[in-house]
Amino acid sequence: MQIASLLLDRGVNIDAVNKKGCTPLHFACDSGDLQSVEFLVGRGASLTATREDGVTPFYLACALGYVQVAQHLFNASRDQMLDLQNILEARGIDETTPLHVACQNGHVPVVQFLLNQGSDLEAIDGGLGCTPLIIASGQGESQVVQMLLRHGANIEATTNDNATSLHHASQGGHYEVVTSLLEWIENKGLDRDSTVDAMSERGGTPLYCACKQGHLEVVKILLDAGANAEAAGTDEDGGALLHGASLNGDLEMVKFLFDTLPSDCREAKDRMGFTPLISACMGGEIQVVQFLLNNDADIKATSVDEKTSLHFVSLLDGNYVEMAELLLDYGADMEARDEFGDTPLRIACENDHLQVAKLLVERGATVDDNKWTPFELAEQDDTLDLLFTVIRKNPWLCQE
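To get our numbering, take the position in the sequence shown, counting from 1, and add 2.
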């Protein structure tokens, strides 16, 4: 400190800033150096100096979990008769307060200190519109969540898209936080529609969020708490719980939902007309497709443009030969036509999926009503050179 004292004695500006607006006090707080902080504050360093992103020394200490530094800065602010509420609520990155960032980073002692000083529990950030409780829930900070609830945080508060703390905890798969929130809801006798079954603007309840992200244990505890599976909501395409799990290729979740949901959910269609089987095919996980077929999924079901599961498998990149073969073994119609009159074979050829096309040819796929053949398409499309091999092995396809 001797050199610093000497420089200050000779007139160096204690609040000089670098290109990002950081003062020496910012740097001391950034490293958690309490001795340097005490020295700088004692020499008159500005407690309200802000970096170019609006961050004050106090905000920085709270964000990094340096509770002793934060306490010293706060006490110094009181001694200087500064507006303590402004110190507590100074906005930094994304318009967050010190309490927001302390909660986000799980700094329990700092959170406790801020709450004791009267920080605003319901402050809303400038990003998603989160309160400290929503942020802590989304980060899985169980201790912080319980602390905020005990201090009166509003568990029904929502973000800009009407998502609650329970939405964020469920989406993140934070079992302990979800448990704490559910216990609080039950103990307080809160309305289920605004908590457990609250619907966000994106179209889902906490149960839907957990299911979509594959958090099976969270799904189970939500259902045990009485979450309404049939009212769980939909994604942007209208897909419900089983659709999302099937698309994600989450076999364990699919099995659980299959045993839990009403039977009519097994063939429900989203806005695209996709059934869970079609969604599973789109997801590309053959074990999920196998499970659904073993449980009598309708292999003839079609989307809004009349495509079957086999159409989609023929369309997908990656040459899903095994999946196509599985569908054929379960009776998929090779001659089914979508609303454009295209068969799975034509779609496979148009997308240069040679192995799927070859399988369909070997299993007896025929030409369409317009006498189109894979050979004729190959003549028109230079990208399908390899398809000639299939045609040469099956010359009857070229016959009138």
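Every residue gets a Cβ at the ideal spot worked out from N, C-alpha and C, and that includes glycine.
Reducing DSSP to helix, strand and coil, say where GLY206 ends up.
strand
Check whether the Cβ atoms of VAL198 and ALA229 sit closer than 7 Å, and answer yes or no.
yes
Check whether the Cβ atoms of ALA299 and LEU329 lie closer than 7 Å to each other.
no
What do you reckon, are the CB atoms on PHE115 and VAL43 nearer than 7 Å?
no
Skipping 5 residues on each side, what residues in its chain have a beta carbon closer than 6 Å to that of LYS21?
none
Counting only runs that start and end within the segment 281 to 334, where is the alpha helix (DSSP H) found for 4 or more residues in a row?
288 to 296, 311 to 317, 323 to 331
Who are the near neighbours of GLY320 in its chain, counting only those whose CB is closer than 6 Å to its CB and skipping five residues on each side?
none
What is the DSSP secondary structure of ARG45, reduced to helix, strand or coil?
coil
Need the endpoints of the alpha helix (DSSP H) that TYR61 sits in, please.
59 to 66
Which residue wins for smallest C-alpha separation from ALA242, given the options ASP17, SER281, LEU225, HIS217?
SER281
Kindly indicate which three-state DSSP category ALA212 falls into: helix, strand or coil?
helix
Between the segment 86 to 103 and the segment 58 to 67, do at least 3 Cβ pairs fall closer than 8 Å?
Contact holds: three or more Cβ-Cβ distances are below 8 Å.
Report all residues from its chain with a CB closer than 8 Å to the CB of PHE258; omit the five preceding and five following residues, and keep chain order.
LEU218, VAL221, LYS222
Would you check if the distance between the CB atom of HIS170 and the CB atom of SER196 is smaller than 7 Å?
no
Quick one: what does DSSP say GLU185 is sitting in, helix, strand or coil?
helix
Have a look at GLY128 and MET284 and give me their C-alpha separation to the nearest angstrom.
37 Å
Taking 7 Å as the cut-off, decide whether the C-beta atoms of ALA159 and THR181 are in contact.
no
What residue does the alpha helix (DSSP H) around ARG194 start on, and which one ends it?
Taken as a continuous stretch (DSSP letters only), ARG194 belongs to no alpha helix (DSSP H), as it is neither H nor E.
Among GLY286, LEU294, CYS211, PHE293, which has the Cα closest to the Cα of LEU317?
GLY286
For the alpha helix (DSSP H) containing LYS21, list its first residue and its last residue.
From DSSP, LYS21 is part of no alpha helix (DSSP H); its letter is neither H nor E.
Taking only the alpha-carbon atoms, compute the straight-line gap between ASN296 and ASP226 and give it to the nearest angstrom.
28 Å
So, for GLU337: in the same chain, excluding its five sequence neighbours on each side, which residues have a beta-carbon less than 8 Å away from its beta-carbon?
THR345, ALA367, THR368
Using the Cα positions of SER202 and SER248, report the straight-line distance between them to the nearest angstrom.
22 Å
According to the neighbour-count rule (16 or more other Cβ atoms, all chains shown, within 10 Å of its Cβ), is ALA18 buried or exposed?
By the Cβ-count criterion, ALA18 is exposed, with fewer than 16 other Cβ atoms from all chains shown falling within 10 Å of its own Cβ.
Under a Cβ-count criterion, where at least 16 other Cβ atoms within 10 Å of its own Cβ denotes burial, should GLY419 be classed as buried or exposed?
This structure does not reach residue 419, given that the chain is present from 3 up to 402, and the question cannot be answered.
Take ARG194 and list the residues in its own chain whose beta-carbon comes closer than 6 Å to its own, dropping the five residues that flank it on each side.
none
Can you tell me whether MET325 is buried or exposed? The criterion is at least 16 other CB atoms within 10 Å of its CB, across all chains shown.
buried
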